[in-house]
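Each number in my numbering comes from the position in the sequence shown (counting from 1) with 60 added on.
Step one of this worksheet: look at the structure below.
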Amino acid sequence: MGPITWRTISHIAVFLGSGVALVGGIGIWYFGNQVERIMPYRQPITAASVTVEVTVASDEQVDAHYMDRGGYLIFANSQEKIMVLSSQDSWARQLGQDRVLYKGIFHMDANDSSTGKPVNLLQEAKYAQIFFHKIPIGKEVLSGKAVCIINNDIRFEIDIPQQFPTQIQGKEAEGRNDNNLIFVRDLKQAFIDFTS
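Structure, rendered in structure tokens:
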């Protein structure tokens, strides 16, 4: 083969090499972004907190910080608790128009059963159960929101629907001090950005 043929082959090789490099660069960028998006949800749970706000129908004139009357939020699957977040204190404030806002900032205990498990474990939760010590029994929940932060990195929100809190009846209620439970039974929207 003469020099012209080798020059043509060299041009073709450079062209193909440039194309392969371009495809490789796009692949690294695209799949790198995909991995970065997935990785936080595969990390072990080390910390979690949730700010819960619930608006209740009430004409009670209140503006208080309850230092020893908090509450909790539990993520659960059937009868199994997946994660428990709680606090000893909470707040209540009259908003006007016969609405009282209850607020709690709940944290996961370092010894919680979810500690060390992957964040995407939360996708197994079928419902969230919420309780405030100071919400009076029989008051209608008008609306609410829970904003969760996992590992100081992942944020998601849970909308709390209008409802009358569930009162436990019979023997199951004996000895319980949380007989006024608020439930969120559809968590699909909350976990929509979670990836396996």
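In this text, a Cβ means the ideal position worked out from N, Cα and C, and glycines have one as well.
CB of residue i within 7 angstroms of CB of residue j, strictly
i	j	result
GLY204	VAL114	yes
ALA185	LEU247	yes
ASN137	PHE254	no
ILE228	ASN239	yes
SER174	ILE142	yes
VAL116	VAL144	no
TYR132	SER118	no
GLY58	GLN148	Any question about residue 58 goes unanswered here, given that the chain covers just 61 to 256.
Whole-angstrom C-beta distance between residue j and residue i, which should lie under 8 angstroms
i	j	result
VAL201	GLN223	5 angstroms
PHE135	LEU182	6 angstroms
ILE105	ILE210	6 angstroms
PRO225	LEU241	6 angstroms
ALA250	ILE218	5 angstroms
SER150	LYS194	6 angstroms
Bounding residues of the beta strand (DSSP E) (the contiguous stretch that carries residue i)
i	result
LYS248	Unbroken run through LYS248: none, as it is neither H nor E.
ARG259	Shown here, the chain extends from 61 to 256; a query on residue 259 therefore has no answer.
ASP238	That residue, ASP238, is in no beta strand (DSSP E); it is neither H nor E in DSSP.
GLN189	187-192
PHE216	214-220
GLN139	No beta strand (DSSP E) holds GLN139; DSSP gives it neither H nor E.
Which residues DSSP lists as bridging residue i, in chain order
i	result
PRO178	PRO104
MET168	LEU145
SER203	THR115
LEU161	THR115 and ARG153
THR226	LEU241
ILE209	SER109 and ARG215
is_contact[residue i, chain C] using C-beta, thresh 7 angstroms
i	result
ALA185	Chain labels in this structure do not include chain C; a single protein chain is all it has.
heavy atom of the ligand PLP below 6 angstroms from residue i C-beta
i	result
ALA185	No copy of the ligand PLP occurs in the structure displayed, which carries no ligand at all.
Query raised in the report: Counting Cβ pairs closer than 8 angstroms, one from the stretch 175-189 and one from the stretch 150-167, do we hit at least three?
Result: Pairwise C-beta distances place the stretch 175-189 out of contact with the stretch 150-167, as fewer than three of them are shorter than 8 angstroms.
Requested in this report: May I ask you to verify whether the stretch 112-127 touches the stretch 144-154, counting CB pairs closer than 8 angstroms and requiring at least 3?
Outcome: Taking 8 angstroms as the limit for Cβ pairs, the verdict is that the stretch 144-154 does touch the stretch 112-127.
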